[in-house]
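Chains as they are written, first to last, in my numbering: chain H, 15 to 123; chain G, 15 to 123.
Some notes on the structure that comes next.
2 protein chains.
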Amino acid sequence: MSDIIAPTPKPPYYAVIFTGLRVSGDRGYQAMSKKMALLAAQQPGYLGHEAERGGLNITVSYWSDLESIRRWKEDVRHLQAQYAGREKWYQEYRVRIAKVEREYGFERG
Amino acid sequence: MSDIIAPTPKPPYYAVIFTGLRVSGDRGYQAMSKKMALLAAQQPGYLGHEAERGGLNITVSYWSDLESIRRWKEDVRHLQAQYAGREKWYQEYRVRIAKVEREYGFERG
Numbered sequence: 015m016s017d018i019i020a021p022t023p024k025p026p027y028y029a030v031i032f033t034g035l036r037v038s039g040d041r042g043y044q045a046m047s048k049k050m051a052l053l054a055a056q057q058p059g060y061l062g063h064e065a066e067r068g069g070l071n072i073t074v075s076y077w078s079d080l081e082s083i084r085r086w087k088e089d090v091r092h093l094q095a096q097y098a099g100r101e102k103w104y105q106e107y108r109v110r111i112a113k114v115e116r117e118y119g120f121e122r123g
Numbered sequence: 015m016s017d018i019i020a021p022t023p024k025p026p027y028y029a030v031i032f033t034g035l036r037v038s039g040d041r042g043y044q045a046m047s048k049k050m051a052l053l054a055a056q057q058p059g060y061l062g063h064e065a066e067r068g069g070l071n072i073t074v075s076y077w078s079d080l081e082s083i084r085r086w087k088e089d090v091r092h093l094q095a096q097y098a099g100r101e102k103w104y105q106e107y108r109v110r111i112a113k114v115e116r117e118y119g120f121e122r123g
């Protein structure tokens, strides 16, 4: 929710596209979500992330390599958050691991 | 904004991750955005999309192959929308083309 386009390097690198449909009520979600975003940003291989929450939660995080993604997925603090996600926050979610092959952009002059 | 997680097939397939920072004011954006979403959905190779708008606009569209992505990028009606995006809607945007290699998910039982 930083409203910043992640300043990723030249491809190739990896994107983890998380899209989730929440159940109603906070149930500790906002606090944990903030904590996990800060923690992810400290991991080796982390390049940045972009997130929006509305009817869907969409978070795209960027990583230098698959091994960094795997390590973060298995971080014990992150595992607790994933467990809570299935237990009480999400009706449904999907995680897609994708290799960014190309990128281009625009910036107002 | 359909609040539905795109029902994509088994990987591999492609994701186009668009993240943009809007300038203020609508200036025809909502109408064009809706029109483009409907038109994209009719293109060959289109698999689905997920979008949220907040501080950032994030739209992830899914495609069967790179050729379908290229054709849609060069569709004349889409080119007009891209032009308007640079002319009056966006402060900045980035488009990342990524190959989805793996996916997993969760659905409440």
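All C-beta atoms in this analysis are idealised placements derived from N, C-alpha and C, irrespective of residue type, glycine included.
**Q.** Chain-ordered chain H contacts of residue 113 of chain G [CB-CB under 7 Å]
**A.** 112, 113, 115
Q: Could you confirm whether any beta carbon from chain G is found closer than 8 Å to the beta carbon of residue 15 of chain H?
A: Bear in mind that a pLDDT of 47 at residue 15 of chain H, under 50, signals an unreliable position, so the model cannot answer this.
(Q) Three Cβ pairs or more, each shorter than 8 Å: is that satisfied between the region 103–110 of chain H and the region 36–54 of chain H? (A) yes
(Q) I believe residue 51 of chain G touches residue 60 of chain G by the beta-carbon criterion, under 8 Å. Please report the beta-carbon distance rounded to the nearest angstrom. (A) Not quite, the Cβ-Cβ distance comes to about 10 Å (not below 8 Å), so this is no contact.
Q. To which residues of the same chain is residue 109 of chain H closer than 6 Å at the C-beta, ignoring the five residues directly before and after it?
A. 32
(Q) Going by DSSP in three states, residue 24 of chain G sits in which element: helix, strand or coil? (A) coil
Q: Using a Cβ cut-off of 7 Å, pull out every chain H residue sitting near residue 85 of chain G, in sequence order please.
A: Ordered by position in chain H, no residue passes the 7 Å Cβ test against residue 85 of chain G, which lies about 16 Å from the chain.
Q: Could you have a look at residue 65 of chain G and say whether DSSP puts it in helix, strand or coil?
A: strand
Q.
Under 7 Å, CB to CB, which of the residues in the region 31–45 of chain G have a partner in chain H?
A. 31, 33, 35
**Q.** 4-residue-minimum alpha helix (DSSP H) runs that sit fully inside the region 38–102 of chain G, ordered along the chain
**A.** 43–54, 80–87, 90–98
(Q) Let me check one thing: in DSSP terms, what residues is residue 117 of chain G bridge-paired to? (A) H:110
Q. For residue 131 of chain G, which three-state DSSP category applies?
A. Absent from the structure is residue 131 of chain G, since the part of chain G shown begins at 15 and ends at 123.
Q) In chain G, what lies closer than 7 Å to residue 100 of chain H by C-beta? A) 120
Q | Beta-carbon spacing of residue 56 of chain G, residue 82 of chain G below 8 Å | A | no
Q: Could you tell me how far apart the beta carbons of residue 29 of chain H and residue 114 of chain H are, in whole angstroms, since I believe they sit closer than 8 Å?
A: 5 Å
Q) Does the distance from the CB of residue 63 of chain H to the CB of residue 43 of chain H come in under 8 Å? A) no
Q. Residue 70 of chain G touches chain H at which residues, Cβ-Cβ below 9 Å?
A. 15, 16, 17, 18, 19, 64, 65, 66
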